[in-house]
Amino acid sequence: ELKVEQNPLFLSMQEGKNYTIYCNYSTTSDRLYWYRQDPGKSLESLFVLLSNGAVKQEGRLMASLDTKARLSTLHITAAVHDLSATYFCAVVLNSGGSNYKLTFGKGTLLTVNP
Amino acid sequence: NAGVTQTPKFRVLKTGQSMTLLCAQDMNHEYMYWYRQDPGMGLRLIHYSVGEGTTAKGEVPDGYNVSRLKKQNFLLGLESAAPSQTSVYFCASRKLTGATNYGYTFGSGTRLTVV
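From first to last, the protein sequence lines are chains H and A.
Note that my numbering has the first sequence beginning at 1, numbered continuously upward.
Note that my numbering has the second sequence beginning at 115, numbered continuously upward.
#1: What's the call for F104 (chain H), buried or exposed, on a 16-neighbour Cβ count within 10 Å?
#2: So, is L93 (chain H) buried or exposed, given that buried needs 16 or more other C-beta atoms within 10 angstroms?
#3: Just to make sure I have the definition right: I need the residues of chain A whose C-beta is within less than 7 Å of the C-beta of Y100 (chain H). Which are they?
#4: L93 (chain H) CB to nearest chain A CB: under 7 Å?
#5: Could you check if A63 (chain H) belongs to the surroundings of the ligand PLP, using beta carbon to heavy atom distance under 6 Å?
#6: Based on Cα-Cα distance, which residue from A:G223, A:Y203 and A:Y216 lies nearest to L159 (chain A)?
#7: Per DSSP, what kind of secondary structure is L93 (chain H) in: helix, strand or coil?
#8: Select from the stretch 166-190 of chain A all residues with a C-beta closer than 9 Å to any C-beta belonging to chain H, and list them in chain order.
#9: Which bits of chain H does F204 (chain A) rub up against, with CB to CB less than 8 Å?
#10: So G217 (chain A) contacts chain H; which residues on that side make the cut at Cβ distance below 9 Å?
#11: Is T119 (chain A) near A138 (chain A), with beta carbons less than 7 Å apart?
#12: State buried or exposed for G165 (chain A), treating a residue as buried only when at least 16 other CB atoms are found within 10 Å of its CB.
#13: Quick check: Y162 (chain A) and Y147 (chain A), are their CB atoms within less than 7 Å of each other?
#14: Assuming L226 (chain A) and L136 (chain A) form a contact by the criterion Cβ under 8 Å, report the distance between their Cβ atoms to the nearest whole angstrom.
#15: Whose C-beta lies closer than 7 Å to the C-beta of S194 (chain A) among residues of the same chain, with five residues either side of it excluded?
#16: Whole-angstrom Cβ separation of C89 (chain H) and S64 (chain H), contact assumed at under 8 Å?
#17: Chain H partners of G154 (chain A), CB-CB under 7 Å?
#18: Output the distance between the C-alpha atoms of G107 (chain H) and L183 (chain A), rounded to the nearest integer angstrom.
#19: Would S42 (chain H) pass as a contact of F124 (chain A) if the rule is Cβ separation under 7 Å?
#20: Which residues in chain H have a C-beta closer than 7 Å to the C-beta of S198 (chain A)? List them in chain order.
#21: Does any residue of chain H bring its CB to less than 7 Å from the CB of G117 (chain A)?
#22: Would a C-beta distance cut-off of 7 Å place L83 (chain H) and V48 (chain H) closer than the cut-off?
#23: Please classify T67 (chain H): is it buried, with 16 or more other beta-carbons within 10 angstroms of its beta-carbon, or exposed?
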C-alpha cells in the first residue's frame with residue numbers, strides 16, 4: 001500500500017523568508033504531483049515531476065524529485081502573503097499499469113504573515 | 115470548454131436519505147475518480163473507473179456505489195447517508211495516453227452535510 005507523508009502539516013512563515021515542504025512516499029513511483037488548494041476551492045495543479053532529478057520552478061515555488069530517496073521537496077523562496085494556501089503532494093500508484101490512481105499526502109497548511 | 119463539472123455544489127441530507135452526485139467531463143477522458151476530502155486527511159479515493167462500464171473500489175468505498183454508463187459521466191451514490199459521510203467530494207478525470215503533462219483535471223467539489 002502506497003503511503004504519502006508530508007511535513008510539516010502546518011507552516012507559519014514570515015514574508016520574505018524561505019522554507020521547504022517535504023513529501024516522502026513508501027513505494028516505487030516515478031510520477032509526483034504538487035497541488036495548491038485555497039479555502040473552499042478545488043485543486044490547482046502546480047507541478048508534475050516525471051523523472052528522477054526533475055526540477056521545476058514557477059515564480060517563488062520550486063519542486064524537485066528524488067525517486068531513489070522517494071522524496072520530493074517544494075521550496076518557497078521569499079514568501080509572500082498570496083502563497084498562503086494548503087499544498088498537497090500526490091503520487092501515482094502503478095504508474096506503469098492501468099490504474100493511475102493518485103494517492104495524496106495530508107497537505108501542508110501554509111500561512112504567510114506580514 | 116467546461117472541463118469537469120460536478121453537481122450539485124452543496125447539499126444537506128438527513129441520515130438515511132439517498133442521493134447521487136454527478137460528475138461530467140467533456141474532454142473524452144478515459145479515467146475518472148471520486149475522492150472525498152476531510153480536514154487533516156488529504157484526499158482519499160472512494161471509487162474509480164478506467165472506462166465506460168467499468169468501476170473499481172478505492173481506499174474508502176464503504177457506503178458508496180458508482181456507475182459509469184456513459185464515458186463522460188461518473189455517478190457517485192449514497193444509498194443511506196450517514197453523518198460520517200459529511201465531506202467535500204471531488205471528481206477528477208485523466209486521459210489514458212497522450213497527455214503532455216499526465217495531468218488530472220479536478221471538478222470544483224460538492225460539499226455534502228449529513229445531519
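We put the beta carbon where it would ideally sit given N, CA and C, even for glycine.
Based on what the coordinates show:
#1: Numbered from its first residue, the first sequence carries residue 104 (chain H) at position 104. The residue is buried, with at least 16 neighbouring Cβ atoms inside 10 Å.
#2: Residue mapping note: residue 93 (chain H) aligns to position 93 of the first sequence, counting from 1. The residue is buried, with at least 16 neighbouring Cβ atoms inside 10 Å.
#3: Working through the first sequence from its first residue, we reach residue 100 (chain H) at position 100. Chain A residues near Y100 (chain H): Y145 and R208.
#4: For the purposes of this step, residue 93 (chain H) is taken as the residue at position 93 of the first sequence. Chain A, which has no Cβ nearer than 7 Å to the Cβ of L93 (chain H), makes this no.
#5: As for the ligand PLP, it is missing from this structure, which has no ligand bound.
#6: By one-based count along the second sequence, residue 159 (chain A) stands at place 45. Closest by alpha carbon: A:Y203.
#7: Working through the first sequence from its first residue, we reach residue 93 (chain H) at position 93. L93 (chain H) falls in the strand class under three-state DSSP.
#8: A170, G172 and E173
#9: Here the question's residue 204 (chain A) lines up with position 90 in the second sequence. The answer, in chain order, is S42 and L43.
#10: If you number the second sequence from 1, residue 217 (chain A) lands on position 103. In chain order: Y33, S45 and V48.
#11: Locating residue 119 (chain A) in the second sequence gives position 5, counting from the first residue. Locating residue 138 (chain A) in the second sequence gives position 24, counting from the first residue. Going by C-beta atoms, T119 (chain A) is nearer than 7 Å to A138 (chain A).
#12: In the second sequence, counting from the first residue as 1, residue 165 (chain A) sits at position 51. Per the 10 Å Cβ criterion, exposed.
#13: For the purposes of this step, residue 162 (chain A) is taken as the residue at position 48 of the second sequence. For the purposes of this step, residue 147 (chain A) is taken as the residue at position 33 of the second sequence. Yes. Within cutoff.
#14: As a working mapping, residue 226 (chain A) is identified with position 112 in the second sequence. As a working mapping, residue 136 (chain A) is identified with position 22 in the second sequence. The pair is not a contact, with the Cβ atoms about 13 Å apart (cut-off 8 Å).
#15: Position 80 of the second sequence, counting from 1, holds the residue named residue 194 (chain A). Within the same chain, S194 (chain A) has close Cβ partners G130 and S132.
#16: Locating residue 89 (chain H) in the first sequence gives position 89, counting from the first residue. Locating residue 64 (chain H) in the first sequence gives position 64, counting from the first residue. About 12 Å separates the two Cβ atoms, so there is no contact after all.
#17: Within the second sequence, residue 154 (chain A) is the residue found at index 40, counting from 1. In chain order: K106.
#18: Indexing the first sequence from 1 puts residue 107 (chain H) at position 107. Indexing the second sequence from 1 puts residue 183 (chain A) at position 69. Straight-line Cα distance between these residues: approximately 33 Å.
#19: Counted from its first residue, the first sequence places residue 42 (chain H) at position 42. Counted from its first residue, the second sequence places residue 124 (chain A) at position 10. No; because the gap between Cβ atoms is not below 7 Å, this pair is not in contact.
#20: The count along the second sequence starts at 1 and reaches residue 198 (chain A) at position 84. Within chain H, no residue comes near S198 (chain A); the closest Cβ sits about 18 Å away, beyond 7 Å.
#21: Position 3 of the second sequence, counted from the first residue, corresponds to residue 117 (chain A). No, G117 (chain A) lies away from the interface with chain H (no Cβ there is under 7 Å from its Cβ).
#22: The sequence position of residue 83 (chain H) within the first sequence is 83, counting from 1. The sequence position of residue 48 (chain H) within the first sequence is 48, counting from 1. Result no, Cβ atoms of L83 (chain H) and V48 (chain H) do not sit closer than 7 Å.
#23: For the purposes of this step, residue 67 (chain H) is taken as residue 67 along the first sequence, with counting starting at 1. T67 (chain H) comes out buried.
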